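One structure is given below, encoded as structure tokens.
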Amino acid sequence: MAKDTEVKTTETGVEEIPQVASGSVFGKRYVGAKELITLFVTGEVNKFNLEGYLSYFMLNVFGLDSRIIAAFAVATLAWDLINDSIFAYIVDRTRTRFGKFKPWAFATIGPYAIACIALWITPLFIEDQNWGPLSWQKIVIYCVISILKETIGTLYSCAVNGLNSTYTPSIDDKAALIALDNIGDFEKVPGYAMVILLDLAAAGTIGISVENVYIFMGAGTVLVSLLGMFVRICVIKERIVQVEEKPKIIDGLKNFFGNRLQVLLTLSDILSAFGNVGGPFSNMFWLDVMGSASLQVICGIPASPLTYVSYMYLPKLRKKFSTKTLWVMSRLVPEIGWVVAFLIGFNNLDNLWIMVPALMFREMCISAVYSIGKVIPQLMQQEIIDYGEWKTGKRTEAMTSFIAGLATKIVNQVQNAISTAVVSFIGYEAGVGTVQTMKTKQAIFAMYSVIPIVLGIFAYIPMFMYKLDDKTKTIMYHELTERRNSILAKSQERAVVVETEVEA
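Per this note's numbering, numbering through the sequence shown is continuous, rising by one, with the last residue being 506.
The structure is reproduced here in structure tokens:
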């Protein structure tokens with residue numbers, strides 16, 4: 003830890019406030035070895051999830067009609083608007099000796115885990131009921147669990163994301179920690195294990211059905227992931243001091259809409275979300291088009307080392323290129339890989355000798371900029387939150403996250419509804435092991451690869467107007483440091499006065 007860091011505990015919940023001298027704000031490191039190890043380990047564990055398989059699971063294992071899933075996704079938007087705004091307001095006004103975000107993270111992680119696991123294991127309890135895809139009982143069960151998961155998950159995500167933004171006041175520290183949190187490629191491990199188990203189950207090699215592989219892997223990865231996050235919440239400290247004055251809703255709105263960088267990034271995220279239409283087609287592509295989930299593992303093998311190499315040249319890229327340029331690079335290179343793979347593979351979906359190399363090339367493109375895609379967007383969001391505090395004097399991470407997230411969530415929900423509805427129009431036949439027609443396979447391939455690129459192309463436009471140069475950032479962080487130190491000093495003075503009065 004830096005020598006000029008004073009360790010204090012204040013009524014605002016901040017445990018460490020850096021006393022930063024002029025010219026040193028970028029190079030400081032305030033996170034100790036214990037937290038660094040925790041960040042790395044729990045960052046890898048947190049990647050153990052199979053959310054990408056959930057749509058396929060709901061259609062083919064839970065057995066719910068695709069139209070119901072699509073309709074419910076749209077219907078939840080109104081509820082999101084209500085509960086997200088309430089929770090964001092509550093969290094932003096929280097001031098405890100444990101911090102602003104940690105109490106909420108502790109309170110919600112258990113209920114959220116239960117709701118997530120319940121969604122995966124429900125088929126075990128209703129499999130003997132012979133309820134059809136449109137049965138009211140199945141619809142009610144799905145809606146109740148999903149609403150609970152969404153509601154609790156909103157507060158949990160708000161707390162955890164806020165906690166992530168308060169680890170350290172140093173921007174270089176943040177960049178290093180974000181990289182450390184994402185450097186491992188373990189997020190592919192659950193997916194790799196899943197596809198291997200699915201193929202073994204389909205072949206009858208293991209004594210478990212394909213349906214049960216989904217159930218137990220889905221629930222198991224949720225449990226492992228959230229146990230890891232529980233450890234992180236226990237260990238990580240909040241280091242950014244919050245002003246004692248609790249922000250009002252209008253403060254959060256001003257912080258968002260008065261922050262041009264936040265508006266531009268949010269607009270870009272909204273336009274990017276139009277490209278998320280391909281998500282539900284991922285599993286369909288590997289299982290129903292390629293015919294073997296394990297091929298996903300094989301196609302990723304040559305690219306895997308490049309994922310780690312990308313973190314080695316990330317610091318040099320950050321010095322040479324602007325954040326905006328790196329953001330563009332992180333999107334453009336994978337998209338080029340997809341276009342090439344699509345052009346090669348569209349008329350060769352049944353020829354593995356052509357498809358596998360094409361998909362390997364696509365994976366190589368993703369891995370080449372993997373570190374950029376993981377670190378830069380998160381770093382931009384951290385800079386933007388600091389920028390808003392610099393301009394207004396208040397931090398409203400939760401409300402900012404809510405407004406930005408809600409806009410993107412609305413588009414995502416609509417896109418998910420459209421994607422699920424499209425499944426019916428392309429002639430997809432639900433059911434594990436069902437053989438699809440070539441026309442359907444080509445439609446799935448297009449929806450998984452190039453259609454998302456076309457729909458998300460406008461996301462580049464707002465980023466051309468995004469500007470936060472190094473000179474501005476240097477001034478911003480020095481002034482923020484002085485302001486936070488002033489807040490701490492006033493808090494300490496009040497504490498001394500209170501202690502004197504008590505002794506008297």
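Backbone N, C-alpha and C fix where the C-beta goes; we use that ideal spot for every residue, glycine too. Computed from a prediction, not measured in an experiment: that's the story for all the values here.
In the three-state scheme derived from DSSP, where H, G and I count as helix and E and B as strand, Arg333 is classed as helix.
Thr124: member of the alpha helix (DSSP H) spanning 104-128, first to last residue. Burial of Leu121 is indicated by the presence of at least 16 other C-beta atoms within 10 angstroms of its C-beta. Taking all protein chains in view, the Cβ of Tyr315 is surrounded by fewer than 16 other Cβ atoms within 10 Å, so the residue is classified as exposed. Counting along the chain, the unbroken alpha helix (DSSP H) around Tyr389 starts and ends at 372-394. Within the same chain, and ignoring the five residues on either side of Phe108 in sequence, the residues whose Cβ sits closer than 7 Å to its Cβ are Ile235. Secondary structure at Val47: helix, using DSSP grouped into helix, strand and coil. Residue burial annotation: Pro307 is exposed, with fewer than 16 other C-beta atoms found within 10 angstroms of its C-beta. When DSSP states are grouped into helix, strand and coil, Gln264 belongs to the helix group. Here Trp138 carries a helix assignment [DSSP, helix/strand/coil].
Tyr114 has its alpha-carbon roughly 25 Å from the corresponding atom of Trp138. Beyond the five residues adjoining it in sequence on each side, Ile386 comes within less than 7 Å, by CB distance, of Asn261, Leu263, Gln264, Leu267 in the same chain, given in chain order. In the DSSP assignment, Asn257 falls within the unbroken alpha helix (DSSP H) covering 251-259. In its chain, beyond the 5 residues on either side, Val197, Ile198, Asp201 have a beta carbon closer than 7 Å to the beta carbon of Ser296. Each residue's CA atom was taken as its position, placing Ser148 and Glu37 some 34 Å apart. Of all C-beta pairs linking the stretch 376-385 to the stretch 323-340, three or more are shorter than 8 Å, placing the two stretches in contact. Residue Thr436 holds the alpha-carbon nearest to the alpha-carbon of Gly293 among Leu490, Pro135, Thr436, Arg95. Buried is the label assigned to Asn257, since at least 16 other Cβ atoms lie within 10 Å of its Cβ.
The DSSP-derived three-state label of Trp288 is helix. Between Val226 and Phe50, the C-beta gap is smaller than 8 Å, which places the two residues in contact. In summary, Phe100 is exposed, with fewer than 16 beta-carbon neighbours lying within 10 Å of its beta-carbon over all protein chains present.
The stretch 347-367 and the stretch 230-244 do not touch, with fewer than 3 CB-CB distances between them shorter than 8 Å.
Spatial neighbours of Val162 in its own chain (CB-CB distance under 6 Å, excluding positions within 5 residues in sequence) are listed in chain order as Ala107. The beta carbons of Ile143 and Thr156 sit about 21 Å from each other, so the pair does not count as a contact at 8 Å.
In this structure, the straight-line span from the alpha carbon of Asp174 to that of Val146 is close to 43 Å. Less than 8 Å separates the beta-carbon of Thr170 from that of Arg241.
In this structure, DSSP gives Leu457 a helical state, which the three-state scheme calls helix.
By the neighbour-count definition (other C-beta atoms within 10 Å, threshold 16), Ile252 is an exposed residue.
Around the C-beta of Asp130, fewer than 16 other C-beta atoms lie within 10 Å, and the residue is accordingly described as exposed. For Leu150, same chain residues with a beta-carbon under 6 Å away, outside a window of 5 residues either side, are Ala117 in chain order.
The closest CA to that of Thr110, considering only Leu229, Ala448, Leu136, Leu83, is found on Leu229. Of all alpha-carbon atoms in Tyr158, Ala77, Ile39, the one lying nearest the alpha-carbon of Phe404 is that of Tyr158. Cβ-Cβ distances below 6 Å link Tyr216 to Phe59, Val63 in the same chain, with the five nearest sequence neighbours on each side left out; the list follows chain order. Non-local beta-carbon contacts of Thr96 in its own chain, meaning distances under 8 Å to residues more than five positions away in sequence, involve Lys102, Phe103, Pro105, Trp106 in chain order.
The alpha-carbon separation between Glu46 and Tyr194 amounts to approximately 15 Å.
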